[in-house]
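Below: the structure, in structure tokens.
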Amino acid sequence: MNGNMMQMPLLISALIRHADRYHGDVEIVSRPAADEIHRYTWRDAHHRSRQLAKALLALGVRPSSRVGTLAWNTHRHLELYFAVSGIGAVINTVNPRLFQEQIEYIVNHAEDEIVFFDLPFAPLVEKIAPRCRGVRAWVALCDRERMPDSGLPLSCYEELVAAQTDNYTWPQFDENTAASLCYTSGTTGNPKGVLFAHRSTLLHTFGISLADSLAVSSRDVVLPVTPMFHVFSWGLPYAACMVGAKLVLPGAQLDGANLYQLFEAEAVTFTSGVPTVWLGLLQFLETQKVAPSTLKRVVIGGSACPPAMIDKFAALGIEVIHAWGMTETSPVSTTNQPKAKHLSLPADKLRQLRTKQGRPGFGVDLKIVDSEGRELPRDGVAFGDLMVRGPWVAAGYFKGDGGDVLRDGWFPTGDVATLDADGFVQITDRSKDVIKSGGEWISSIGVENIAIAHPGVAEAAVIGVAHPKWDERPLLVIVRKEGEALSRDQMLDFLRGKLAKWWLPDDVVFVDSLPHTATGKLSKLTLRQQLKDYRWPAASAAGG
Ligand code: AMP
288 MNGNMMQMPL LISALIRHAD RYHGDVEIVS RPAADEIHRY TWRDAHHRSR
338 QLAKALLALG VRPSSRVGTL AWNTHRHLEL YFAVSGIGAV INTVNPRLFQ
388 EQIEYIVNHA EDEIVFFDLP FAPLVEKIAP RCRGVRAWVA LCDRERMPDS
438 GLPLSCYEEL VAAQTDNYTW PQFDENTAAS LCYTSGTTGN PKGVLFAHRS
488 TLLHTFGISL ADSLAVSSRD VVLPVTPMFH VFSWGLPYAA CMVGAKLVLP
538 GAQLDGANLY QLFEAEAVTF TSGVPTVWLG LLQFLETQKV APSTLKRVVI
588 GGSACPPAMI DKFAALGIEV IHAWGMTETS PVSTTNQPKA KHLSLPADKL
638 RQLRTKQGRP GFGVDLKIVD SEGRELPRDG VAFGDLMVRG PWVAAGYFKG
688 DGGDVLRDGW FPTGDVATLD ADGFVQITDR SKDVIKSGGE WISSIGVENI
738 AIAHPGVAEA AVIGVAHPKW DERPLLVIVR KEGEALSRDQ MLDFLRGKLA
788 KWWLPDDVVF VDSLPHTATG KLSKLTLRQQ LKDYRWPAAS AAGG
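Here the sequence shown stands for residues 288 to 831, where the numbers follow my numbering.
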């Protein structure tokens, strides 16, 4: 017997309709160019999304058509989120920081019919257009005055929108319909597409808005620093829309000074980003001796947030929510929110807990397994391959790439982690970055977290280097803060006593910068290649 309840599909268009009707006067602020601040409301965004929907239909976009974007966080990109998915087509947000060949690959593999791009990417578009033959139109995200000179017949976004009225009703269709497509760049092989559904997006949006997750509410002013091309700014534009929060979209200027200025000007309460972004902001705050006056929470993920960063934000009265996820999980899977019983923990124990990547809320299920797939204990000590499942977790890749990826219905994350009885996860490494020393495993993240706490260190990475006696030993690679004269021995002294003795790196190498991937993560693959000629000092090589 079925329940007697209404059948209303969970569609992305319902989000913007809701925000218009119930939060129509709430502002969306956007910085589409360094010299331009644009302000309007959720009602205006809905109005323009419907105009854009009609413009897309006029351009021949049909249900299931793919529409690409090469764009920063702006109100126009937001309108594309709602208009493209709203008409039943699929928005493919492409990371413009990828190599040109990867961008071409993605646009062609996704079969994007139209590509919308921000002006700084006009030269890129000129280069890729001849090799992206399936793209019918390239649309510059600007008005007529700012249209770039180009050898290509470009269309102008504002003209396309202005040519339409907003007399349009969002179509209703199956909530399992594809809504968006995001490619994940594996370290080897071609990028693979994760195809999200309307249903999975709405469930993820509900999930991350919960008080025990990111706790997004109508009283928040949300500024996602996480790019809208990287798994939808971790879902924050949808969440702000669902709850009717003010949304601030910072464009391309993500340095400390520009972020601080926007935080203060717009009274931002909640922000998001990878650790590298916050290194820049914290350095700016330190040197300028200023502090954000309204910011309350920052969600940090994408790579491990060092405990020292959590402490620095805490000293400013800002709470860090450490989170873990991946493109294949929409992306948020775990968020670090203590339970009632944790609030009475001694400060050092609570701090230790808060450095973990958090626990899953309803909708995400986790387990860790050994190399034979046997489940390992949830005791916070055993570590193994982290597996995830849930209604916003990918069941496979677009066009079947990578074959059947699930293992007994679970998605193998490629991360190695511990899991405790309360569900708190601690990521120790990507499985391919784990260091195996004398049959034991060393967590590179564990060592990096301590090294970064040294005041002279700007960035730290630990990689395993082949060793004649121990298989592999950890090598610490450091970028010094400007003007600091930190030595190898000072660094090792600092680590001594804070790590198990055999976790202590055998050597320290200083570099000017560390390689990062297009999504801001340390690229240990590149670092290992850069240091392939490194040789251990004689004492270490002798097994000392
Ligand atoms: P992506 O699909 O590009 O978002 O990358 C997902 C990967 O980023 C995960 O599988 C982890 O290896 C890493 N990652 C994300 N969040 C964290 C975190 N809080 N701590 C450590 N690694 C993380």
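Cβ atoms here follow ideal geometry from the backbone N, Cα and C, with glycine treated the same way.
Only a predicted model underlies this, so the values are computations on that prediction, with no experimental measurement involved.
Note that the stretch 551-564 touches the stretch 573-589; at least 3 beta-carbon pairs, one per stretch, sit closer than 8 Å. Proximity to Ala601 across Val798, Ser620, Ala578 peaks at Ala578, based on C-alpha coordinates. With respect to the 8 Å criterion, Ala526 and Leu501 are classified as neighbours on the basis of their beta carbons. Contact between Ala416 and Leu439 holds: their C-beta atoms lie close to 6 Å from each other, under 8 Å.
The closest heavy atom of the ligand AMP lies 7 Å or more from the beta carbon of Thr328. Rounded to whole angstroms, the Cβ separation of Leu298 and His485 is 5 Å, and the two are in contact under 8 Å.
If you look at Pro511, you'll find it in the beta strand (DSSP E) that goes 508-511. In the same chain as Asn463, and ignoring 5 residues on each side of it, the C-beta atoms closer than 8 Å to its own belong to Ala484, His485, Arg486, in chain order.
Ser724 has Glu727, Asp758 as its beta-bridge partners, per DSSP. Following the DSSP letters along the chain, one finds Trp425 inside the beta strand (DSSP E) bounded by residues 424-427.
Closest in C-alpha terms to Trp790, from the list Leu801, Pro802, Pro761, comes Pro761. Burial is judged here by how many other beta carbons sit within 10 angstroms of a residue's own beta carbon; Val734 has at least 16 and is buried. Excluding residues up to 5 positions away in sequence, Arg506, Asp507, Val508, Val509, Thr581, Leu582, Lys583, Arg584 lie with their Cβ nearer than 8 Å to the Cβ of Thr556 in the same chain. Note that the stretch 679-694 does not touch the stretch 721-737; fewer than 3 beta-carbon pairs, one per stretch, sit closer than 8 Å. With a 10 Å radius around the Cβ and a threshold of 16 neighbouring Cβ atoms, Val668 comes out exposed.
Here DSSP, grouped into helix, strand and coil, assigns Asp780 to helix. Judged by their CB atoms, Ala787 and Val764 are not nearer to each other than the 8 Å cut-off. Residue burial annotation: Arg308 is exposed, with fewer than 16 other C-beta atoms found within 10 angstroms of its C-beta.
Around Ile324, the same chain offers Val316, Arg318 as residues with beta carbons nearer than 7 Å, after the five sequence neighbours per side are excluded. Remark: the shortest separation between the CB of Lys643 and any heavy atom of the ligand AMP does not fall under 7 Å. Taking the C-beta atoms as reference points, Gly531 is found no nearer than 8 Å to Ile495. Bridge pairing for Gly567: absent [DSSP]. Closest in alpha carbon position to Pro678, among Phe711, Leu534, Ser620, Gln713, is Ser620. When secondary structure is reduced to three states using DSSP, Phe649 falls in the coil class, being assigned neither helix nor strand.
Shortest gap from the CB of Arg717 to any heavy atom of the ligand AMP: under 7 Å. Our two residues, Trp697 and Leu653, have alpha carbons roughly 9 Å apart in a direct line. The nearest non-hydrogen atom of the ligand AMP is 7 Å or more from the C-beta of Lys811. In this structure, the ligand AMP has a non-hydrogen atom nearer than 7 Å to the beta-carbon of Gly701. Here the C-alpha atom of Met596 lies approximately 11 Å from the C-alpha atom of Leu568. Burial is judged here by how many other beta carbons sit within 10 angstroms of a residue's own beta carbon; Gln575 has fewer than 16 and is exposed.
Distance from the CA of Gln389 to the CA of Ile374, rounded to the nearest whole angstrom, comes to 28 Å. Asp716 is bridged by DSSP to Val703. Taking every protein chain shown into account, the CB of Pro537 has 16 or more other CB atoms within 10 angstroms, so this residue is buried.
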